[in-house]
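Each remark here refers to the structure printed beneath this line.
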Amino acid sequence: MKVTVVGAGAVGASCAEYIAIKNFASEVVVLDIKEGFAEGKAMDLMQTASLNGFDTKITGITNDYSKTAGSDVAIITSGIPRKPGMTREELIGINAGIVKTVSSNLLEHSPNVILIVVSNPMDTMTYLVHKTTGLPKNRIIGMGGALDSARFKYRLAEALEAPISDVDGMVIGGHSDTGMVPLTAHATRNSIKVSEFLSEERLAQVSEDTKVGGATLTKLLGTSAWYAPGAAVSSMVQAIACDQKKMFPCSAFLEGEYGLNDICIGVPVLLGKNGIEKIVKIELAEAEKAKMKESAEGVRKTNSLLTL
């Protein structure tokens with residue numbers, strides 16, 4: 001399998017690293033517009049191959065999309081990252097143009113590629129790719145929910161004082177500080193609902209800490225996070241490459257599912273060789289439905305800023 005990562009910044013490099021280390025891809029191509037930058041990142045990563053025990057070939061290229069030809073999966077991380085105090089929505093003007101150009105260039109050389117969108121605002125960028133490429137909905141996937149759910153499980157394990165391997169939970173809705181819907185009522189520790197262990201107030205705090213997970217890191221780091229986003233993407237790519245039919249919450253184009261139409265927003269999906277194999281329907285409580293509707297309204301507001 002050939003995987004292309006567009007953008008050799010911290011997130012893109014982390015994607016390439018984790019994909020290579022998992023050793024399921026034959027080649028990872030990293031592309032960037034900055035002269036020599038992707039080549040340097042690729043060389044640095046390849047010099048870890050003997051130490052980390054992987055055989056994946058990592059190639060860096062400067063803005064030559066012909067070298068991405070035949071990619072099975074491509075990850076779009078390019079765009080400007082968030083700075084402290086900046087919302088994901090404030091990135092839309094610059095990143096929309098970048099994402100539109102990148103997706104067009106990728107499809108020119110890899111017409112059968114599955115696209116994973118990471119660039120923010122992620123749900124709106126995923127929607128943009130749907131509207132401008134004409135690809136079937138199963139081949140365009142927004143990363144957000146996989147990352148948000150990992151942050152949710154981190155916060156749950158912290159509150160429970162439990163190993164993360166004990167904990168399961170999911171976040172749906174928009175990938176924004178106000179749009180996330182952590183499903184606390186569905187979260188479990190070894191199949192037992194976490195509400196058996198944690199008070200309503202503590203669960204509410206876990207939910208709020210999850211929603212501001214990205215902003216918290218941006219404030220601490222001075223830029224967007226990269227390790228967890230890279231790990232989230234690599235798990236999604238592996239599910240596709242290995243046809244795992246694994247469930248992730250991802251930003252998917254909805255046509256009536258969850259009562260929503262003409263929108264990309266986080267819902268549970270099964271990922272396999274065709275990309276999104278199935279959108280999974282789960283029963284939501286009335287409060288969760290209301291939060292999902294509110295989240296969708298926020299995403300639509302951001303979508304309205306697009307020039308299609």
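Sequential numbering of the sequence shown, starting at 1, is according to the UniProt record's numbering.
Backbone N, C-alpha and C define an ideal beta-carbon position, used for all residues, glycine too.
Every beta strand (DSSP E) stretch that sits fully inside the UniProt domain "Lactate/malate dehydrogenase N-terminal" (1-142) and reaches 3 residues is listed by chain position as 2-6, 27-32, 57-62, 73-76, 114-117 and 140-142.
Residues V171, I172, G173, E288, K291, M292 and S295 of the same chain have their beta carbon placed closer than 7 Å to that of V181, with the five preceding and five following residues left out of the count. Contact between the stretch 129-139 and the stretch 33-45 is absent: fewer than three C-beta pairs spanning the two stretches fall below 8 Å. Under DSSP, I265 forms a beta bridge with A252. G275 and C250 have their alpha carbons spaced roughly 11 Å apart. Taking C-alpha positions only, G70 is separated from V5 by approximately 13 Å. Spanning the alpha carbons of T132 and T302 requires a straight line of approximately 17 Å.
Around the beta carbon of N261, a 10 Å sphere encloses fewer than 16 other beta carbons of the protein chains shown; the residue is thus reported as exposed.
With respect to the 9 Å criterion, H175 and L147 are classified as neighbours on the basis of their beta carbons.
Taking a contact as a CB-CB distance under 8 Å, the pair S14 and P229 counts as one, their CB atoms being some 7 Å apart. Going by beta carbons, E27 and M1 fall inside the 9 Å limit. Judged by their CB atoms, T62 and G9 are not nearer to each other than the 9 Å cut-off.
Pairing A241 with V29 gives a Cβ-Cβ distance that is not under 9 Å.
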